[in-house]
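J.: Okay, handing you the structure first.
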Amino acid sequence: MSATAMVAPELWWLAVMGLIMAATSLPYVLDRIVVRGLWGALDNPQPHPLPQSAWAERMKAAHYNSVENLVVFAPLAVAVVVAGVTDANTLLAVQAFVIARAVYIVVYTLGIPVLRTLAFLVGWLAIVALALRLLGLI
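Numbering follows the numbering used here, in which position 71 of the sequence shown is assigned residue number 217; successive positions increment by one, without gaps.
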């Protein structure tokens, strides 16, 4: 039996989100090294007289926002599995959240405002759907 067959699909997608979060921090750290040099990058990051590239600042903001949303999403994703209330809708909500957050990170980094807001909204609706399912309201 494969590892993915032994894990609830909702938890598999949660692990994918964890990998996205881990990968998201790397580009802006590398930009910090390019802009400030290795020793400057190892210094206290804020405040610093040498600002990072604009795209890196946006990616950092997207990463921080994703962490804030993950704090709400992850317990709900785990809870629907533990409570045994998973179904096609919970899987769809988890997939929608992960994909929406990935899109959010990319479009925020590229500075595309309307798509960023739409991606945020899709992720937020996915969180609400998981909470409502856990409460037995949908």
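Cβ coordinates follow ideal geometry from the N, Cα and C atoms, glycine included.
Pick helix, strand or coil for Gln-241, following the three-state DSSP scheme.
T.: As a first step, residue 241 is located in the sequence shown; it is residue number 95 there, counting from the start. It is helical.
J.: When burial is assigned at 16 or more other CB atoms within 10 Å of the CB, is Glu-156 buried or exposed?
T.: For the purposes of this step, residue 156 is taken as the residue at position 10 of the sequence shown. Buried, because 16 or more other Cβ atoms sit within 10 Å of the Cβ of Glu-156.
J.: Alpha helix (DSSP H) containing Thr-263: first to last residue?
T.: Position 117 of the sequence shown, counting from 1, holds the residue named residue 263. First-last of the alpha helix (DSSP H) with Thr-263: 259-280.
J.: Could you give the C-beta distance for Ala-207 and Tyr-254, rounded to a whole number, given that I count them as a contact under 8 Å?
T.: If you number the sequence shown from 1, residue 207 lands on position 61. If you number the sequence shown from 1, residue 254 lands on position 108. That belief holds up - the Cβ atoms of Ala-207 and Tyr-254 are roughly 7 Å apart, short of 8 Å.
J.: Could you give the distance in angstroms between the alpha-carbon of Ala-277 and the alpha-carbon of Ala-220?
T.: Taking the sequence shown and counting its residues from 1, the one referred to as residue 277 is at position 131. Taking the sequence shown and counting its residues from 1, the one referred to as residue 220 is at position 74. The straight-line gap from Cα to Cα measures roughly 11 Å.
J.: Once DSSP output is grouped into helix, strand and coil, what is the label at Gly-183?
T.: Residue 183 sits at position 37 when you count from the first residue of the sequence shown. Under the three-state reduction of DSSP output, Gly-183 falls in the helix class.
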